[in-house]
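Reminder that position 4 of the sequence shown reads as -9 in this note's numbering, one-by-one numbering, no gaps.
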Amino acid sequence: MRGRDARKNDISAAKAVAETVRSTLGPKGMDKMLVDNLGDVVITNDGVTILKELDIEHPAAKMMIEIAETQEDECGDGTTSAVVLSGELLDKAEDLVDEKIHPATIANGYRLASLKASEILDELKIPIDIDDDLILTNIATTAMTGKTVEINKEHLADIALKAVKKIAEEKVEGHHIDIDNIKVLKKTGASVDESELIDGIVLEKERLHEKMPKKVKDAKIALLNYGFDVKKTEVDASIEITSTDQLQRFIDQEEKSIMKMVNMVEDSGANVLICQKDINDLAQHYLAKAGITALKDVSKSDMKKLAKATGGKVVNNLKDLSSEDLGHADLIYERKVSDSNMTFVEGMRDGKAVSVLLRGGTEHVVDEIERALEDGLKVVAIAIEDKAILPGGGAVDIELANRLREEAAKIKGREQIAFEAFADSFDIIPRTLAQNSGLDGIDVLMNLNTAHQKEGLKKHGIDIDSGTTSDMVEKGIVEPFRVKNQAIKSATEVTNMILRIDDVIASKGFVKNEEE
-12 MRGRDARKND ISAAKAVAET VRSTLGPKGM DKMLVDNLGD VVITNDGVTI
38 LKELDIEHPA AKMMIEIAET QEDECGDGTT SAVVLSGELL DKAEDLVDEK
88 IHPATIANGY RLASLKASEI LDELKIPIDI DDDLILTNIA TTAMTGKTVE
138 INKEHLADIA LKAVKKIAEE KVEGHHIDID NIKVLKKTGA SVDESELIDG
188 IVLEKERLHE KMPKKVKDAK IALLNYGFDV KKTEVDASIE ITSTDQLQRF
238 IDQEEKSIMK MVNMVEDSGA NVLICQKDIN DLAQHYLAKA GITALKDVSK
288 SDMKKLAKAT GGKVVNNLKD LSSEDLGHAD LIYERKVSDS NMTFVEGMRD
338 GKAVSVLLRG GTEHVVDEIE RALEDGLKVV AIAIEDKAIL PGGGAVDIEL
388 ANRLREEAAK IKGREQIAFE AFADSFDIIP RTLAQNSGLD GIDVLMNLNT
438 AHQKEGLKKH GIDIDSGTTS DMVEKGIVEP FRVKNQAIKS ATEVTNMILR
488 IDDVIASKGF VKNEEE
């Protein structure tokens, strides 16, 4: 496709993606049921999950999905807002192209407006710190609002806040938070309000031998990336055994090798062994006789979390194991959760890793709870790192729209028209929030403009319960500064990239579909 046809086709595809997720935006947004060709079902209103599950072939539509993925990776929330804003920017741009304004001019105007929008956001942000528990809980609650788990959002928000604060590491420049240090496990068979935060690491493993202690207090933990088995030779070799005596000597030698390995663990002072690789049956027997609780085939990521939480060191060679390498925990015990036994490692003095055990009635419910919790964890983390929040409910969007319209008068040339179109595009967020809540979008926009322009109420957004405006910060409807800032940047960049495409050409490796 060439020229105008190519551009219109790209814009139409991108707008279609935005329209798909638009009805999910806000506290009363609807869910989507996604069914694949095997009949597997995903039910969610999480923007990035919906877009990832869609079967999309159009290259411009795939670029819209990249917005959502970038937003999810950077912020954990705001994916739907970013895609909806990009769709509106493209819609406005399409009208300007029809009015004979060059796409490069529009792209330049959008870029200037995006830079100005970031400056305005910087002025609007509200400073916070890690001790502002109420605000941080409200951030998590806002991110979870409108999802299937809304009735339990306060409980999950509290879990998210405590988990993030537990793993936060204070540095010179501020707090650093690695969400990977929070392990999330899902189990069906109980209600959502039975979900719990574990101050430690939960492993989906059980002790290897019934004679091993089920509960270990004051645990000294050996973390081993080494198989408990007799090593094979590096070259192909065979042993010819011609008598029963030879066979017995061979078995005895193997047994001695295993006993020697178990003795090494004992000599280090360890009473718990957690191994990344296999532990053979004979070793399990001798470990049980020595009173050592052992787990095998623990994942690499879990080993890293255990090392961080317990202060231990993952040892690659059993000969190097010493008491200095051992991790410490107040208690290790086995507990049955749903239909499986799990091992809980709790009470680490300097532990910077925790676990969250999510419960739900069905697989679909627990999957959606996990998505909601992950959003809550990420928004709390970035709010603490950036030390800044913004009011939600469309308050920032309407303020940006008004301020950018004022700034447009200072722009020279045709870029001014694109600058104004960029400003007008922000109306789509409060209008969509209103429409998805059963309110009249035009009336809500008028009320918001009156509150912001005539009354100077900069923090006022949509109160979906009354249909009027109210102070979003007082109502606890807030979002991290980075969520909005990143959404604007991502939406602008992808919009400009799509606008500058004038030809879509089949490249090497393209296979034409015969049905076409």
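We treat Cβ as the ideally placed atom computed from N, Cα and C, and that holds for glycine. In this text the structure is predicted, and so the values were computed from the model without any measurement.
Between the C-alpha atoms of residue 174 and residue 448 there is a straight-line separation of about 38 Å.
Secondary-structure assignment with DSSP links residue 465 through a beta bridge to 378. In this structure, 195 is the residue among 298, 307, 207, 195 with its C-alpha nearest to the C-alpha of residue 270. Counting only runs of 3 or more residues that sit fully inside the segment 375 to 429, the beta strand (DSSP E) segments are 375 to 378, in chain order. Between the C-alpha atoms of residue 277 and residue 253 there is a straight-line separation of about 8 Å. In this structure, residue 40 lies away from residue 28, with their beta-carbon atoms at least 8 Å apart. When the alpha-carbon of residue 182 is set against those of 104, 357, 484, the nearest one is in 357.
Between residue 43 and residue 54, the gap from beta carbon to beta carbon reaches 8 Å or more. Rounded to whole angstroms, the gap between the alpha carbons of residue 214 and residue 265 is 5 Å. When secondary structure is reduced to three states using DSSP, residue 46 falls in the helix class.
In the assembly as shown, residue 204 is an exposed residue. Its beta-carbon has fewer than 16 other beta-carbons within 10 Å. Boundaries for residue 336: no beta strand (DSSP E) harbours it, and the DSSP string shows neither H nor E there.
The beta carbon of residue 98 lies closer than 7 Å to those of 479, 483 in the same chain, with the five residues before and after it left out.
Cα atoms of residue 457 and residue 127: separation of roughly 20 Å, rounded to the nearest angstrom.
Per DSSP, residue 210 is not a residue of any alpha helix (DSSP H); the beta strand (DSSP E) it occupies stretches across 202 to 211. Burial of residue 438 is indicated by the presence of at least 16 other C-beta atoms within 10 angstroms of its C-beta. DSSP places residue 68 within a helical segment (H, G or I) once states are collapsed to three. By the neighbour-count criterion, in which 16 or more other beta carbons inside 10 Å mark a residue as buried, residue 91 falls on the exposed side. Of all alpha-carbon atoms in 394, 11, 123, the one lying nearest the alpha-carbon of residue 68 is that of 11. Per the C-alpha coordinates, the member of 74, 26, 14, 19 positioned closest to residue 477 is 74. Between the segment 353 to 372 and the segment 94 to 110 there are fewer than three C-beta pairs closer than 8 Å, too few to call the two in contact. Residue burial annotation: residue 323 is exposed, with fewer than 16 other C-beta atoms found within 10 angstroms of its C-beta. The C-beta distance from residue 17 to residue 32 rounds to 7 Å, short enough to meet the 8 Å contact threshold. In the three-state reduction of the DSSP assignment, residue 481 falls in the helix class, which pools H, G and I. Burial is judged here by how many other beta carbons sit within 10 angstroms of a residue's own beta carbon; residue 36 has at least 16 and is buried.
Between residue 78 and residue 65, the alpha-carbon positions lie close to 20 Å from each other. In the structure shown, the three-state DSSP call for residue 162 is strand.
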